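Chemist: Residue numbers (my numbering), protein chains in the order written: chain A, 100 to 371; chain B, 69 to 510; chain C, 3 to 313. C-beta atoms are modelled at their ideal positions from N, C-alpha and C, and glycine is treated no differently. Computed from a predicted structure; not experimentally measured. Can you keep this structure in mind? I'll have questions shortly.
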Amino acid sequence: MTHFSRAKVFMYGFVSLWSLFVMLPLLWMVLASFKTKRELFMDPLGLPGKWTFGAFERAWGVGMGGFLLNSAIVTAASVALIVVVSGMAAYVLARSDSRWLRLIYLLIVAGFAVPVQAVLVPLYQMISAAGMLNSLGAIVLPYAAYGVPFTTVLFYAFFLDFPRELEEAARLDGCSRIRTFFSVILPLSGPAVASAAIFQAVFIWNEFVLALLMLNNPSTKTLPVGIIALGGEFTSDWPAIMAGLCIAILPILLIFVLAQKYFVRSLAGLGK
Amino acid sequence: MKGYSTKGRTGPLTRHVIGAAFGLAVALGVGIPQVANAQEDVTIRMWALTNPNYPEFIAQAAEAFKTTHPNVTIDFQETPNEAYKTAIQVALVGSDPPDVFFNWAGEDSVRLVRDGLVLDISDLAKKPGQFGTALAQSWLDTFSVDGRIYGAPTDAVTKYFYYDNAFFTENKLSVPKTFNELLGLCTAIRAIDPDIVPIPLGNSERWKMNHYITILNERVMGNDVLRADYSLKAPDDQLFTNAGYVAAWGKVLELQKAGCFQDAPNATSPEVSRTMFSSQISPMIFCGSWCMSIFDGEGYTDYSLFRFPPVDGGASDGDSNMVVPQGLQVAAATKHPTEAVEWISFLTSPEQSAKFAEMRGALPSDPSMLSGLQNATAQFKWVAADMASLAVQYNVIDVEVEASVANAYLDAGVEILNGTMTPEQAMASIRTAALAAKAKMK
Amino acid sequence: MPDATVTPAPAITKPAKISVNRPQYSARLSAAILLAPALGLCAVFIFIPAILAIAGSFFTFGITSRAWEPAGVSNYARILADPIFWTALRNNLIIVVGSVVFQVGIGTILAAILDRGLPRASTVFRTIIFAPMVVSAVAVALIWQVILDPNVGALNAIIKSVGLTPPQLGWLGDPTISIWVVLMIACWQYTGFMMVLILAGLQGIPKELYEAASLDGARGLKAFRHITLPSIRNVLIVAMLITTIGGFKVFDLIYATTQGGPANATQVLGTYIYLQAFNLGNMGYANAISVVLLTIAVMLGWLQLKSSRRA
Numbered sequence: 100m101t102h103f104s105r106a107k108v109f110m111y112g113f114v115s116l117w118s119l120f121v122m123l124p125l126l127w128m129v130l131a132s133f134k135t136k137r138e139l140f141m142d143p144l145g146l147p148g149k150w151t152f153g154a155f156e157r158a159w160g161v162g163m164g165g166f167l168l169n170s171a172i173v174t175a176a177s178v179a180l181i182v183v184v185s186g187m188a189a190y191v192l193a194r195s196d197s198r199w200l201r202l203i204y205l206l207i208v209a210g211f212a213v214p215v216q217a218v219l220v221p222l223y224q225m226i227s228a229a230g231m232l233n234s235l236g237a238i239v240l241p242y243a244a245y246g247v248p249f250t251t252v253l254f255y256a257f258f259l260d261f262p263r264e265l266e267e268a269a270r271l272d273g274c275s276r277i278r279t280f281f282s283v284i285l286p287l288s289g290p291a292v293a294s295a296a297i298f299q300a301v302f303i304w305n306e307f308v309l310a311l312l313m314l315n316n317p318s319t320k321t322l323p324v325g326i327i328a329l330g331g332e333f334t335s336d337w338p339a340i341m342a343g344l345c346i347a348i349l350p351i352l353l354i355f356v357l358a359q360k361y362f363v364r365s366l367a368g369l370g371k
Numbered sequence: 069m070k071g072y073s074t075k076g077r078t079g080p081l082t083r084h085v086i087g088a089a090f091g092l093a094v095a096l097g098v099g100i101p102q103v104a105n106a107q108e109d110v111t112i113r114m115w116a117l118t119n120p121n122y123p124e125f126i127a128q129a130a131e132a133f134k135t136t137h138p139n140v141t142i143d144f145q146e147t148p149n150e151a152y153k154t155a156i157q158v159a160l161v162g163s164d165p166p167d168v169f170f171n172w173a174g175e176d177s178v179r180l181v182r183d184g185l186v187l188d189i190s191d192l193a194k195k196p197g198q199f200g201t202a203l204a205q206s207w208l209d210t211f212s213v214d215g216r217i218y219g220a221p222t223d224a225v226t227k228y229f230y231y232d233n234a235f236f237t238e239n240k241l242s243v244p245k246t247f248n249e250l251l252g253l254c255t256a257i258r259a260i261d262p263d264i265v266p267i268p269l270g271n272s273e274r275w276k277m278n279h280y281i282t283i284l285n286e287r288v289m290g291n292d293v294l295r296a297d298y299s300l301k302a303p304d305d306q307l308f309t310n311a312g313y314v315a316a317w318g319k320v321l322e323l324q325k326a327g328c329f330q331d332a333p334n335a336t337s338p339e340v341s342r343t344m345f346s347s348q349i350s351p352m353i354f355c356g357s358w359c360m361s362i363f364d365g366e367g368y369t370d371y372s373l374f375r376f377p378p379v380d381g382g383a384s385d386g387d388s389n390m391v392v393p394q395g396l397q398v399a400a401a402t403k404h405p406t407e408a409v410e411w412i413s414f415l416t417s418p419e420q421s422a423k424f425a426e427m428r429g430a431l432p433s434d435p436s437m438l439s440g441l442q443n444a445t446a447q448f449k450w451v452a453a454d455m456a457s458l459a460v461q462y463n464v465i466d467v468e469v470e471a472s473v474a475n476a477y478l479d480a481g482v483e484i485l486n487g488t489m490t491p492e493q494a495m496a497s498i499r500t501a502a503l504a505a506k507a508k509m510k
Numbered sequence: 003m004p005d006a007t008v009t010p011a012p013a014i015t016k017p018a019k020i021s022v023n024r025p026q027y028s029a030r031l032s033a034a035i036l037l038a039p040a041l042g043l044c045a046v047f048i049f050i051p052a053i054l055a056i057a058g059s060f061f062t063f064g065i066t067s068r069a070w071e072p073a074g075v076s077n078y079a080r081i082l083a084d085p086i087f088w089t090a091l092r093n094n095l096i097i098v099v100g101s102v103v104f105q106v107g108i109g110t111i112l113a114a115i116l117d118r119g120l121p122r123a124s125t126v127f128r129t130i131i132f133a134p135m136v137v138s139a140v141a142v143a144l145i146w147q148v149i150l151d152p153n154v155g156a157l158n159a160i161i162k163s164v165g166l167t168p169p170q171l172g173w174l175g176d177p178t179i180s181i182w183v184v185l186m187i188a189c190w191q192y193t194g195f196m197m198v199l200i201l202a203g204l205q206g207i208p209k210e211l212y213e214a215a216s217l218d219g220a221r222g223l224k225a226f227r228h229i230t231l232p233s234i235r236n237v238l239i240v241a242m243l244i245t246t247i248g249g250f251k252v253f254d255l256i257y258a259t260t261q262g263g264p265a266n267a268t269q270v271l272g273t274y275i276y277l278q279a280f281n282l283g284n285m286g287y288a289n290a291i292s293v294v295l296l297t298i299a300v301m302l303g304w305l306q307l308k309s310s311r312r313a
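See the structure below:
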């Protein structure tokens, strides 16, 4: 064996081992949703005796469809808001040397560090005082707010490298700054938008604490809260719980698989 | 009040910004909170703990309620255990709390009363036909503070040992009459097969051991001794110093030593321990009265029950049990107090109580129609009769004592089972918490 | 502002590179319009609640109590004497250090292998390894709880089948190992994220650099040390800071797997704040702990800003 191929064996080995470690629990989850509870208990490593979708039907019956739809609406609305709002702010900040604006940038970055659970109660009281509980619209706003700092940093780095000639041209044509942003900058920021969107989508799709407190009406629950409800509903029907998890995980996993090439490329800006 | 005035100042800004995006929400057609049409239609919002068949029970009750209250709609939401405890507190201090909500009787509900979040419904409840005139006084007392009524008790839950009939018959095992016989039972089951866990204990959420120690404290010391300590009214130098507390924890260690539990109770969830029993992996379990409906729902019905046996040489003769009353309270902020009370009165009426018992397997506060139940299981009838025969009832420690003392008790249970604390150390830490809590109350 | 690299500009000057034939107020106005939504959102949902939390840390009150009693700095004094606070902080540090070492470390190795070693298989592995990242922490906890269960779990079945003995008190029940098990779950979930982040950085390295080095005899590990690592220095810093801040903010995963147990062995600041606020009703004290967490996290955020500026 040459040095080169031995290295290759090691590399394949390492990557495969980690992939296996990552895959097994997920694979186990899928298998578990086809097993009966008794099979799951008596033979945790075995294959299901009969491949039936009973557990999926039970999980779907709890309203997973509705939870999925709610999560999709909340995620899409929040991500759209985050991208536009952060993009606008980052554009101004990246194109300015003003001391005040640098202070504002710092302030926004500090916001990234604020943990939600540290401000849960005042946050809840404000939202409840505004009469916004149990509306999907209400949760979009705090989600957007908590996505803004990180996304602003991301866009900021991207805009620093953005060729300025294009904006200059737009300016000379008499475009206002705002119009320049929407008609020139944003359309050309595909990679940054993509990575920001995926980041925030993953975070919002999975957010639990705020959703738990603010959306307690069954018709407005999002997936993570729905998953908890699943645990309460079935107490020990693990096959149904695992089937519910499969239903919850698959859509976003699919989106990642489809968008991942774009995603990795767009993340390159983050290190700048 | 300080924090609230600060919040008030930020309110308009919040509303302004939210208003802007609210327009977006409207444009997207997403859920807008319904505004109740004050005079004619009334919506009573009700929150409760997630329990099997409870939504179905509420749905039929809401339908039946329509015949006398055609203008009242019930908007019911359920939340699982741990999440419910947080959500209800937060909701009650918010602007839009539910009108009617589930709560356990005890320290939790008293605290909400103290904080002015629960409506005093004495006058409404005492009106003719309302629950205040129908339920037994001992039941009404469970949600009363200083003689005023702050809620309607709906039912009570309690704990029993469940056992597998077939396993006991096959191995000629009998129901233990004393604590020592219970230990002997564990030894006997381990002798049959050392891999069988006699009484699986799922203590990952801490409350299972709390039920054991609640009952063991009473079995060792008797109920009366405990009251002064639980209410933190005992003098500082005596608070939680009774030697019986250490002895009660010692009984837990005896159970563990006799091989009753599995190796890792603190890593086992209540659900797993229940399933070990209902899948007949284990022949016994110490489970709530609510477990009957869970086992029945899973299709396992070949079980019987017995009460926690008296401790040899203990102060209690065993004619007593832990009974946790639970019920429905009305939020102080409700706009429809009359309808809310009429609704909870309806839910605790004899007919609905019987339905409640039938659908949920619950032991309702109005037992007058229980004997006529058609579909009640033998086990349910046994439990109902046994509960009615109890000489002494007491609440579970963690709703009985102040929150930080409860937390110390819950943690102590985990540490005792893990062997990281001795009974003496456990009581020292509980006493420290109790002294601190008592000092704060002054 | 402590950053010395900034060239000071008079506050009133319009930003550079802006059209010459427009009046200044218009540029300032449009800047304000572009900034306002972001600032508004942050102010309402982050800064004001944070200020309320800071204010609340000087009072004693419960979540449901309307009376705020002034408490001076007693809540902060209590922190110093509270052993569980220090356990929680220690656990945060374990998760931070462990995450940086394992998530960023293994992430770097995986990324380097996929980028240079196995570019053709890269897409498949990348997808698999990143997958757990999109699973909600609540779901992750549910899956692992059943796998790690001491009675019926798959892991114990595997360990027993090869003749070994699993920990007697259970993976999540033994106070000496439970925090490490939680760390393992965190690594399972987030290493793929770090890998993808670093992979993106690696793909920005010009191929010519490697070719040149190869001519000089630097290949394999040598090239990794002398070319790869220096080129992705900034990405690594960002990765470490994201991991560090994440390690201090961790909440969902622990709340859903152990709720801080057994007996506080896996308590972190996030879950301890929640316990004090919602289970024990000590809002003031919970706020004081929040302020400590906030301070740590803001300092780290500032570090991140500084390091990304220097680049």
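Measure the alpha-carbon distance for ALA316 (chain B) versus VAL288 (chain B) and round it to whole angstroms.
Modeler: Cα to Cα, ALA316 (chain B) sits roughly 6 Å from VAL288 (chain B).
Chemist: Any idea what DSSP makes of TYR231 (chain B), helix, strand or coil?
Modeler: Residue state, collapsed to three classes: strand.
Chemist: Are MET197 (chain C) and LEU296 (chain C) touching if we call contact CB-CB under 9 Å?
Modeler: Result no, Cβ atoms of MET197 (chain C) and LEU296 (chain C) do not sit closer than 9 Å.
Chemist: Check whether the stretch 166-186 of chain C touches the stretch 364-377 of chain B, counting contact only when three or more Cβ pairs, one atom from each stretch, lie closer than 8 Å.
Modeler: These segments do not touch.
Chemist: Quick one: which residues of the stretch 465-480 of chain B get their C-beta closer than 7 Å to a C-beta of chain C? List them in chain order.
Modeler: Answer set for the stretch 465-480 of chain B: ALA471, SER472, ASN475 and ASP479.
Chemist: Alpha carbon to alpha carbon, what distance is there between ALA425 (chain B) and THR174 (chain A)?
Modeler: Going from the Cα of THR174 (chain A) to the Cα of ALA425 (chain B) covers about 42 Å.
Chemist: Have a look at A:VAL121, A:ALA209, A:LEU192 and A:GLN216 and flag the residue whose alpha-carbon is nearest the alpha-carbon of GLU306 (chain A).
Modeler: The candidate whose alpha carbon is nearest that of GLU306 (chain A) is A:GLN216.
Chemist: Tell me whether ALA188 (chain A) counts as near the ligand GDP, meaning its Cβ is closer than 8 Å to at least one heavy atom of that ligand.
Modeler: This structure lacks the ligand GDP; in fact it carries no ligand of any kind.
Chemist: Please classify SER212 (chain B): is it buried, with 16 or more other beta-carbons within 10 angstroms of its beta-carbon, or exposed?
Modeler: Buried: at least 16 other Cβ atoms inside 10 Å.
Chemist: Kindly say whether VAL392 (chain B), judged by its beta-carbon, lies nearer than 9 Å to any beta-carbon of chain C.
Modeler: No, its Cβ sits nowhere closer than 9 Å to a Cβ of chain C.
Chemist: Could you give the residue range of the beta strand (DSSP E) that holds GLN394 (chain B)?
Modeler: From DSSP, the beta strand (DSSP E) with GLN394 (chain B) extends over 388-398.
Chemist: Anything in the stretch 127-143 of chain C with a Cβ closer than 9 Å to a Cβ of chain A? List those residues in chain order, please.
Modeler: Flagged, chain order: PHE127, ARG128, THR129, ILE130, ILE131, PHE132, ALA133, PRO134, MET135, VAL136, VAL137, SER138, ALA139, VAL140, ALA141 and VAL142.
Chemist: For GLY109 (chain C) versus ALA241 (chain C), is the C-beta distance shorter than 9 Å?
Modeler: Going by C-beta atoms, GLY109 (chain C) is nearer than 9 Å to ALA241 (chain C).
Chemist: At what residues does the beta strand (DSSP E) containing PHE439 (chain A) begin and finish?
Modeler: The structure shown does not extend to residue 439 (chain A), since chain A is modelled only from 100 to 371, so the question has no answer here.
Chemist: Since PHE374 (chain B) is in the beta strand (DSSP E), which residue starts that stretch and which ends it?
Modeler: Note, PHE374 (chain B): beta strand (DSSP E), 371-374.
Chemist: Apart from the five residues on each side of it in sequence, which residues of its chain come closer than 7 Å, Cβ to Cβ, to ALA400 (chain B)?
Modeler: Correct list, in chain order: GLY184, LEU185, VAL186 and LEU187.
Chemist: Does the beta carbon of PRO51 (chain C) come closer than 9 Å to any beta carbon on chain A?
Modeler: Yes, PRO51 (chain C) counts as interfacial toward chain A.
Chemist: Any beta carbon of chain C sitting closer than 9 Å to that of SER337 (chain B)?
Modeler: Chain C contact via Cβ: present.
Chemist: Kindly indicate if chain B contains any beta-carbon less than 9 Å away from that of LEU171 (chain C).
Modeler: Yes, LEU171 (chain C) counts as interfacial toward chain B.
Chemist: What separation, rounded to the nearest whole angstrom, lies between the Cα atoms of PRO123 (chain B) and ALA34 (chain C)?
Modeler: Distance between the alpha carbons of PRO123 (chain B) and ALA34 (chain C) is about 51 Å.
Chemist: Do you know whose CA, among C:LEU171, C:VAL99, C:GLY194 and C:ILE181, lies nearest ASN271 (chain B)'s CA?
Modeler: Per the Cα distances, C:LEU171.
Chemist: Determine, using beta carbons only, whether PRO25 (chain C) comes closer than 9 Å to chain A.
Modeler: Summary for PRO25 (chain C): the model assigns pLDDT 49, below 50, so the residue's position carries little reliability; its value from the coordinates is reported in the next sentence. Not closer than 9 Å to any Cβ of chain A, the Cβ of PRO25 (chain C) fails to qualify, so no.
Chemist: For GLN198 (chain B), collect the residues of the same chain with a Cβ closer than 8 Å to its Cβ; drop the 5 residues on either side in sequence, then sort them by chain order.
Modeler: Excluding positions up to five away in sequence, the list reads LEU192, VAL409, GLU410 and SER413.
Chemist: Quick one: residues in its chain with C-beta nearer than 6 Å to the C-beta of VAL292 (chain C), no 5 flanking neighbours on either side, listed in chain order?
Modeler: In the sequence under discussion, the amino acid at residue 292 (chain C) is Ser, which differs from the Val named in the question. If we look at SER292 (chain C) and ignore the five residues flanking it on each side, its Cβ neighbours are ALA55 and ILE275.
Chemist: For PHE281 (chain A) and VAL184 (chain A), I'd like the C-alpha separation in whole angstroms.
Modeler: For PHE281 (chain A) and VAL184 (chain A), the distance between alpha carbons rounds to 11 Å.
Chemist: Leaving aside the five residues before and after LEU259 (chain A) along the sequence, list all residues of the same chain whose C-beta is less than 6 Å from its C-beta, in chain order.
Modeler: Excluding sequence neighbours, LEU259 (chain A) sits near ALA193.
Chemist: Are the beta-carbon atoms belonging to PHE140 (chain A) and SER347 (chain B) less than 9 Å from one another?
Modeler: A contact, by the Cβ cut-off of 9 Å.
Chemist: Do ILE96 (chain C) and LEU112 (chain C) have their C-beta atoms within less than 9 Å of each other?
Modeler: No, Cβ-Cβ distance for ILE96 (chain C) and LEU112 (chain C) is not below 9 Å.
Chemist: Do three or more CB pairs link the stretch 323-342 of chain A to the stretch 137-147 of chain C at distances below 8 Å?
Modeler: Taking 8 Å as the limit for Cβ pairs, the verdict is that the stretch 137-147 of chain C does touch the stretch 323-342 of chain A.
Chemist: Using DSSP with H/G/I as helix, E/B as strand and the rest coil, what is ASN271 (chain B)?
Modeler: Note: ASN271 (chain B) maps to coil in three-state DSSP.
Chemist: Nearest-angstrom Cα distance between VAL391 (chain B) and TRP173 (chain C)?
Modeler: Going from the Cα of VAL391 (chain B) to the Cα of TRP173 (chain C) covers about 34 Å.
Chemist: Select from the stretch 322-349 of chain A all residues with a C-beta closer than 8 Å to any C-beta belonging to chain C, and list them in chain order.
Modeler: Flagged, chain order: LEU322, PRO323, ILE326, ILE327, GLY330, TRP337, ILE340, MET341, LEU344, ALA347 and ILE348.
Chemist: Can you tell me which of the three DSSP states THR146 (chain B) falls into?
Modeler: Residue identity check: residue 146 (chain B) is Glu in the sequence provided, not Thr. In the structure shown, GLU146 (chain B) sits in a strand (DSSP, three-state: E or B).
Chemist: Compare the Cα-Cα distances from VAL213 (chain A) to each of A:GLY246, A:THR279 and A:GLU264 and report the closest residue.
Modeler: For the residues A:GLY246, A:THR279 and A:GLU264, the minimum Cα distance to VAL213 (chain A) belongs to A:GLY246.
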